[in-house]
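Student: The numbering of the sequence shown is our numbering, which starts it at -19 and goes up by one.
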Amino acid sequence: MGKVGIVTDSTAYLPLEFKEKYQIEVVSLLVNYDDKSIPEEGIFYQGLEDFYNWLRQASILPNTSQPSTGDFFKTYQRLSERVDSIISIHISGGISGTVGSAVAAARMLPDLDITVINSGSTSIGLYMVVQAAALTAAAGLGKEKVLENVRYVVDNLRVVFIPDTLEYLKRGGRIGGAAALLGNLLQIRPVLYFNRERDYIIDVYEKVRTKEKGIRRMLAEMKEAGSYLKTAVAHVDSAAEGEELLKRVKEICPGTDPLFSGVGPVIGSHIGPGTVGVAWYPLTPDLDKLVND
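(1) Are the beta-carbon atoms of S65 and G120 separated by less than 7 Å?
(2) Starting from G275, trace the beta strand (DSSP E) both ways and give me its first and last residue.
(3) Please list the terminal residues of the continuous beta strand (DSSP E) segment that includes V140.
(4) Measuring straight from C-alpha to C-alpha, what distance separates A200 and I251?
(5) Please name the residue in Y56, F53, I18, L9 whose C-alpha comes closest to that of S45.
(6) Do you know whose CA, among L41, Q57, E124, lies nearest Y13's CA?
(7) What residue from P234, L263, G(-15) has the CA that sits closest to K123's CA?
(8) Only counting the same chain, and skipping five residues up and downstream in sequence, which positions put a Cβ closer than 7 Å to that of V203?
(9) What's the C-alpha gap between K210 and Q37?
(10) CB-CB under 8 Å to A118, same chain, minus the five flanking residues each way: which ones, in chain order?
(11) Are A219 and I104 closer than 7 Å when you measure CB to CB?
(12) Here's a check: name, in chain order, each residue in its chain whose Cβ is nearer than 6 Å to the Cβ of D51, leaving out the five neighbours to either side.
(13) How is G157 classed by DSSP in three states: helix, strand or coil?
(14) Would you report the Cα separation of P274 and L(-6), rounded to the nearest angstrom?
(15) Enumerated in chain order, which unbroken segments of the beta strand (DSSP E) with a length of 3 residues or greater are wholly contained in the region 8 to 68?
(16) Measure the alpha-carbon distance for A(-8) versus V11 and round it to whole angstroms.
(17) Among residues of its own chain, excluding the 5 on either side of I18, which ones have a beta-carbon nearer than 6 Å to its beta-carbon?
(18) Y208 and L137 - do their beta-carbons sit closer together than 7 Å?
(19) By the 10 Å Cβ neighbour count, where 16 or more other Cβ atoms means buried, how is S39 classified, buried or exposed?
(20) When DSSP labels each residue in this structure, what does T(-9) get in the three-state scheme?
(21) What's the gap between the Cα of T(-12) and the Cα of K230?
(22) Taking the alpha-carbon of P234 as reference, which of M198, N272, T255 has the nearest alpha-carbon?
(23) Would you check if the distance between the CB atom of P143 and the CB atom of T255 is smaller than 7 Å?
(24) How far does the beta strand (DSSP E) with D93 in it extend, from its first residue to its last?
(25) In whole angstroms, what separates the C-alpha of E177 from that of S101?
(26) So is G156 buried or exposed if we call it buried at 16+ other beta carbons inside 10 Å?
(27) Taking the alpha-carbon positions, what's the A112 to V134 distance?
(28) Just to confirm my understanding: we take V139, look at its own chain, exclude 5 residues before and 5 after, and list those with CB closer than 6 Å. What are they?
(29) Over the uninterrupted alpha helix (DSSP H) stretch that includes P245, give me the two end residues.
Written out as C-alpha cells, the structure is:
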C-alpha cells in the first residue's frame, strides 16, 4: 500500500508535537490585524497570548482570509515528492472558502492522487478528523482505510460550544446589537453547533440562561451518546476553564483519552475569549485501537 500524506489548515489548531510527529502539512489562513497580515499558524504557536490581549482591547474584529489556490498548489506539489496519495481535510465549507481553494488546486494537478474533504467542522472537531486520518495513515492501512475512517468521523462527529459573552458575535454581525445587549443583561447564551442540514454553518442549537447551564446541556448530550466515545475539549484563551471542563468530560467517558486544544485567532476572534466547547463521536473497535492506544 502506498504512503498517504495528510494536509489540513491552520484552524485545526494541532499541537505542534502531534503535527511534527505525523508530518502533517498545514496550510495557513491569514489574520489581518493591527496593520499586519500574519499567517494564523504563526500566531497560534508563538503569539496567541499577545493576540488575545490585543483582541480584548480592540474596537473591531480582525479580518481573516482563506489560503489561496497557489498555497495549496505548492503544498501538494511539495508533499507529492514523499507520498503516493494526499488527503486534504479542511474547515467547514459553510464558514470558509478554504475547501474551494483546495479543490481548485487539486484540479490543477490531475496527475496527483488528491482527495479533498470538507470536515463540516473546525477547531477541535477538525483536529479529531485529522487525528483519525493521521493515525490510520501512520499504521500503514492504506488510502481507502484512511478515507473510510475520515468519512466515518465526519458523518458521526458532534461539536457544540458556548460563548462567554455575546459581544464578539455582535461585532462579527452574527447577532444584532440590541439582541446582544439584552442577552448579556439576562445572561442568555446560545449553545452553538455545526448544522449538517444547512451545509455545516454555525447555528444555534439551544438558548440557555447562564453559561454553566449551557455547559451542563452540552455534557448531558454527550452523556446521552453513550460512554464508548472519542471526546475532545476546546477553549478560547481560557485554559483553566477548559481544564475543568476536561475533568467533567473524563467523568462521563472514563478510560478514554480526550483531545484538548486552544483555539486560534480565525475562529477565536468571532466567538470570543472564554468560549468553551466539547466534541465527540462514537468509536468503532478499529478507531478505538488507533485513537486511544
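The C-beta atom is built at its ideal place from N, Cα and C for all residues, glycine as well.
Tutor: If we stick to the structure as given:
(1) Their beta carbons are not under 7 Å apart, which means S65 does not touch G120 by this criterion.
(2) Coverage of the chain is limited to positions -19 through 273, which leaves residue 275 absent and any answer about it impossible.
(3) It spans 138 to 142 - the beta strand (DSSP E) in which V140 sits, taken as one unbroken run.
(4) Here the alpha carbon of A200 sits roughly 22 Å from the alpha carbon of I251.
(5) Here the closest residue by C-alpha is L9.
(6) Among L41, Q57, E124, the Cα nearest to that of Y13 belongs to L41.
(7) Measuring from the Cα of K123, the nearest candidate turns out to be G(-15).
(8) Here the sequence assigns Lys to residue 203, which means Val is not the residue at that position. Excluding positions up to five away in sequence, the list reads I232.
(9) Roughly 37 Å between the two C-alpha positions.
(10) The answer, listed in chain order, is Y2.
(11) Cβ atoms of A219 and I104: not closer than 7 Å.
(12) V7.
(13) In this prediction, G157 has a pLDDT of 38, which is less than 50 and means its spatial position is unreliable; what the coordinates show is noted afterwards. In this structure, G157 counts as helix in the three-state DSSP scheme.
(14) Here the chain has residues from -19 to 273 only, and residue 274 is not among them.
(15) Counting only runs of 3 or more, we get 10 to 13, 16 to 19, 43 to 45.
(16) Each residue's Cα considered, the two are about 15 Å apart.
(17) Result list for I18: V11, in chain order.
(18) For L137 and Y208, no; Cβs fall outside 7 Å.
(19) Exposed.
(20) Helix at T(-9).
(21) Taking the straight line joining both Cα atoms gives about 27 Å.
(22) Measuring from the Cα of P234, the nearest candidate turns out to be N272.
(23) Note that the C-beta distance between P143 and T255 is below 7 Å.
(24) According to the DSSP assignment, D93 belongs to no beta strand (DSSP E), since it is labelled neither H nor E.
(25) For E177 and S101, the gap between their C-alpha atoms comes out near 13 Å.
(26) Note that G156 scores a pLDDT of 38, beneath 50, so its modelled location is shaky and nothing firm can be said.
(27) Roughly 10 Å separates the two Cα atoms.
(28) S101, G105, F174, A259, listed in sequence order.
(29) Segment 245 to 251, the alpha helix (DSSP H) holding P245.
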